[in-house]
Every structure is written in structure tokens, then in C-alpha cells.
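What follows is a short report on a single structure.
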Amino acid sequence: MDKQTVLKKISKNIQQVRKEKGYTQESFAEKMDVSWSYVSKLESGILNLSLGKIVELADYLEVDVKVLLKL
Numbered sequence: 004m005d006k007q008t009v010l011k012k013i014s015k016n017i018q019q020v021r022k023e024k025g026y027t028q029e030s031f032a033e034k035m036d037v038s039w040s041y042v043s044k045l046e047s048g049i050l051n052l053s054l055g056k057i058v059e060l061a062d063y064l065e066v067d068v069k070v071l072l073k074l
């Protein structure tokens, strides 16, 4: 599995959990204190996420990191 495929899967996991938690991209961006476009880029797989950022996202979404890393 290549890097881009993994990044896309993690991005889709973030989007799925965000929706399950009832956040819009805008409301999630507010919670994280970032712009809406940042969340959009996260979920599009455009941004190269560090492990630290994935852990931070899991905290914001109140899920185990494994949920976001599930391939």
C-alpha cells in the first residue's frame, strides 16, 4: 500500500467519524480553532498528516487513534 492510499484512507476515517459525531466541517473547524478550508484539506487527503496531528484529531473527535488509523 502506498503513502497516498494510506493518507486517503485516514482522511476518509476522519470524515466518517466527524459526521458520526454530528459535526459539520465548519463546526469541527471551530472546535479545533482552524479554518474550514483546513478541515476540507484534511478530509481530501491533501495534507500530509504527522502522527502527532492524527493523535490530536483523535482527541478532538474523542475516539481512539486506532479508529483513525484503521486501514
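For the sequence shown, position 48 (counting from the first letter as 1) is numbered 51 according to our numbering, and the numbering increases by one without interruption. All C-beta atoms in this analysis are idealised placements derived from N, C-alpha and C, irrespective of residue type, glycine included.
For residue i and residue j, what's the separation of their Cα atoms in angstroms?
i, j, result
"residue 28", "residue 74", "23 Å"
"residue 40", "residue 4", "27 Å"
"residue 33", "residue 21", "13 Å"
"residue 18", "residue 46", "6 Å"
"residue 35", "residue 42", "9 Å"
"residue 61", "residue 54", "11 Å"
Which residues bound the alpha helix (DSSP H) around residue i?
i, result
"residue 62", "54 to 64"
"residue 71", "68 to 72"
Quick check: residue i and residue j, are their CB atoms within less than 8 Å of each other?
i, j, result
"residue 24", "residue 64", "yes"
"residue 44", "residue 52", "no"
"residue 66", "residue 57", "no"
Discussion item. Which runs of the alpha helix (DSSP H) at least 4 residues long sit entirely within the region 18 to 52? Give them in chain order.
Written reply: 28 to 35, 39 to 47
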